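Chemist:
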Amino acid sequence: MNNFRKGLIHFLCLFILDKEKRENFRKKYKYERIYWDKIDKYKNNKSVEPWAYIRVRNEASTLKECLNSIIPVIKKGIVGYNDCTDGSEEIF
């Protein structure tokens, strides 16, 4: 199995919470081609709540654009400040 396929299968398994379904998915698609319309039966009925972790150190010039680009898709987030001296903290 090539590294790209292995990485893709691992990534998709992150969204399959049921252990049995996850193992079945890994076994089935280890050597078979993955078709997106066939993946639906492995999905959970729960929606995904994406989080963000942002490390900030003197990013005031780009921070607003960064936040505006991720706010529509994230549900929760954590910001880590690293010795900011340019007012990055005040932007939040």
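Just so you know, we're using this note's numbering here: the sequence shown kicks off at -12 and counts up by one.
From the three backbone atoms N, C-alpha and C, an ideal C-beta is built for every residue, glycine too.
Bear in mind the structure is a predicted one, so any value in this text is a computation, not a measurement.
1. Only counting the same chain, and skipping five residues up and downstream in sequence, which positions put a Cβ closer than 7 Å to that of F79?
2. Going by alpha carbons, who is nearest to R9 out of R44, P59, H(-3)?
3. Does R44 come out as helix, strand or coil in the three-state DSSP assignment?
4. Determine which residues share a DSSP beta bridge with K63 and list them.
5. Excluding five sequence neighbours on each side, which residues of the same chain lie with their C-beta closer than 7 Å to the C-beta of C71?
6. How would you write the range of the alpha helix (DSSP H) that Y16 sits in, first residue to last?
7. Which same chain residues, not among the five before or five after G74, have their C-beta less than 6 Å away from its C-beta?
8. For the alpha helix (DSSP H) that L(-1) lies in, which residues bound it at each end?
Modeler: In terms of the structure at hand:
1. Reading the sequence shown from its first residue, position 92 is the one you call residue 79. V66.
2. Translated into positions along the sequence shown, residue 9 becomes position 22. With distances taken between Cα atoms, R9 lies closest to H(-3).
3. Indexing the sequence shown from 1 puts residue 44 at position 57. Coil.
4. On the sequence shown, residue 63 is found 76 positions in, with the first residue counted as 1. DSSP lists W38 as partners of K63.
5. Working through the sequence shown from its first residue, we reach residue 71 at position 84. The answer, listed in chain order, is V43, R44, N45.
6. By 1-based counting over the sequence shown, the position of residue 16 is 29. Secondary structure note for Y16: its alpha helix (DSSP H) is the uninterrupted segment 6 to 16.
7. Working through the sequence shown from its first residue, we reach residue 74 at position 87. For G74, where only same-chain residues beyond five positions count, the Cβ hits under 6 Å are A47.
8. Numbered from 1 along the sequence shown, position 12 holds the residue referred to as residue -1. -10 to 0 is the extent of the alpha helix (DSSP H) around L(-1).
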